[in-house]
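Down below is the structure, laid out as structure tokens.
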Amino acid sequence: MSSLGQLVAGVAHEINNPVSFIYGNLEPAQEYIENLFSLLDLYQRYYPQSVQEIEEFTALIELDFLKSDLPKLFKSMKMGVERIQGIVLSLRTFSRLDEAEMKAVDIHEGIDSTIMIVQSRLLATGKRPKIEVLKEYGKLPLVECYAQQINQVFLNILLNAIDALEDSVVKGRWTTKKQLVMDNPRIYIRTQLSALNQVTIRIGDNGVGIPENAKKQIFNPFFTTKPVGKGTGMGLAISHQITTERHRGSIECISQPGIGTEFVIRIPLIQ
Ligand SMILES: Nc1ncnc2c1ncn2[C@@H]1O[C@H](COP(=O)(O)OP(=O)(O)O)[C@@H](O)[C@H]1O
Ligand SMILES: [Mg+2]
């Protein structure tokens, strides 16, 4: 796995440079072209009587359409490059898992700080009530782990839970008008010290759930059911690698379509 990690890191690095060239040049390129268009406009204004060859060529290249289409073209190129950058970033996280050091940490602190990060996505929107986060923390000793990585796992799972709840909104659940107290968008986080000297962390949501055929694939790199530009399909693959390989723990998914999803993470107290 570590040689695969090295390969991935290498590839990510190689992709990153040329992509930066493209990204860095898109904006000036657009500006240059807009300037050339302005120059054309000036010519048209001061030399309205043009020659037939110019008229014909203008019609041939459909200048008006070209002018209106070009900004859209740039926008989609920019989106494409941003997507590549997102994937490269995920690949780097995926392959550079051994950078931070191992120490004994308070898991609850990690969870709380991660909730802080996603706070803005929990707020009520015009389309749904706020997402409630219910915490049931057990009494836990410090856990020896790579804190940064474990937090990354919490973050990936929380973000997926929020996405799943948003998806439920799209599918007609939880309008702001009809607020059933029993069925508001909700995420719960339960922790407990389990036998075998390990901690168990359960993160669940009452979102769309995962169909059986997708459930087999969710931990595969690049598996995503989200629209292009939204998901990279790397979140759970990274989380799986962190929990199982880096920490000799486990991660498991329990889900019922239409009801909700729960991820169960188990990490040994001592590595
Ligand atoms: N809490 C959840 N509820 C419903 N589906 C989920 C949940 N978590 C993960 N999934 C499914 O697993 C897929 C893979 O997740 P992930 O690896 O994080 O990639 P991404 O979020 O970029 O799609 C998601 O596209 C989604 O279909
Ligand atoms: Mg995700």
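First residue of the sequence shown: 12, per my numbering; consecutive thereafter.
Note that CB positions come from ideal geometry on N, CA and C, so glycine has one too.
A quick note: this is a predicted structure, and the numbers were derived from the prediction, not measured.
**Request:** Identify, in the order they occur along the chain, each residue of the same chain with its Cβ nearer than 8 angstroms to the Cβ of G97, setting aside the five sequence neighbours on each side.
**Result:** T243
**Prompt:** Which term fits H24, buried or exposed, when burial requires 16 or more other beta carbons within 10 angstroms of its beta carbon?
**Reply:** exposed
**Request:** Kindly examine ligand 2 and report whether one of its heavy atoms sits closer than 8 angstroms to the Cβ of N171.
**Result:** yes
**Request:** Rounded to whole angstroms, what's the CA-CA distance from L100 to T69? Just pull it up for me.
**Result:** The alpha-carbon of L100 is positioned some 43 angstroms away from that of T69.
**Asked** What is the DSSP secondary structure of Q228, reduced to helix, strand or coil?
**Response** coil
**Request:** To the nearest angstrom, report how far apart T235 and D194 are at their CA atoms.
**Result:** 26 angstroms
**Message:** ligand 2 and D174: does any heavy atom of the ligand fall closer than 8 angstroms to the residue's C-beta?
**Reply:** yes
**Request:** Give the single residue among F32, M245, K237 and L166 whose Cα lies nearest to the Cα of I276.
**Result:** Answer by Cα proximity: L166.
**Message:** Short of 6 angstroms in beta carbon distance, which residues of its chain neighbour Q228, apart from the five on each side in sequence? Order them along the chain.
**Reply:** Excluding positions up to five away in sequence, the list reads F234.
**Asked** Near R213, what residues of its chain come up, given a Cβ to Cβ distance below 8 angstroms and the 5 sequence neighbours on each side ignored?
**Response** Y199, I200, R201, T202, E273, F274, V275 and I276
**Request:** Going by CA-CA distance only, name the one from L204, N208 and K237 that's closest to I300.
**Result:** Summary: the structure shown does not reach residue 300, with the chain confined to residues 12 through 282, and so no result is reported for it.
**Message:** Would the segment 80-99 count as touching the segment 21-39 if we require 3 or more Cβ pairs under 8 angstroms?
**Reply:** They touch, by the three-pair rule.
**Message:** Can you look up A172 in the DSSP assignment and give me helix, strand or coil?
**Reply:** The DSSP-derived three-state label of A172 is helix.
**Asked** CB S124 to CB N162, shorter than 9 angstroms?
**Response** yes
**Request:** Would you check whether ligand 2 has a heavy atom nearer than 8 angstroms to the C-beta of N231?
**Result:** no
**Item:** Endpoints, the alpha helix (DSSP H) within which Q203 is located
**Value:** Following the DSSP letters along the chain, one finds Q203 in no alpha helix (DSSP H) but inside the beta strand (DSSP E) bounded by residues R197 to S205.
**Request:** Kindly list the residues whose CB is nearer than 6 angstroms to the CB of K138, restricted to its own chain and excluding five residues on each side of it in sequence; keep chain order.
**Result:** V180
**Message:** Tell me whether K241, by its Cβ, gets closer than 8 angstroms to a heavy atom of ligand 1.
**Reply:** yes
**Asked** Out of N224, K89 and T211, which has the shortest C-alpha to C-alpha gap to T254?
**Response** T211
**Message:** Is any non-hydrogen atom of ligand 2 found closer than 8 angstroms to the C-beta of L100, if you look at the structure I gave you?
**Reply:** no
**Item:** Separation of L176 from L18, as counted between CA atoms
**Value:** If I take the Cα positions, the gap works out to 36 angstroms.
**Prompt:** Relative to ligand 2, is the shortest distance from any of its heavy atoms to the C-beta of L74 smaller than 8 angstroms?
**Reply:** no
**Prompt:** Taking 8 angstroms as the cut-off, is the CB of K86 close to at least one heavy atom of ligand 1?
**Reply:** no
**Residues that L132 bridges to, as DSSP identifies them** = Checking the sequence shown, residue 132 turns out to be Arg, not Leu. In DSSP, R132 forms no bridge with anything.
**Prompt:** Going by DSSP, what residues sit across from A115 in a beta bridge?
**Reply:** Looking at the DSSP output, A115 sits in a beta bridge with E155.
**Of the residues D216, E38 and Q252, the one placed nearest P268, counting alpha carbons only** = D216
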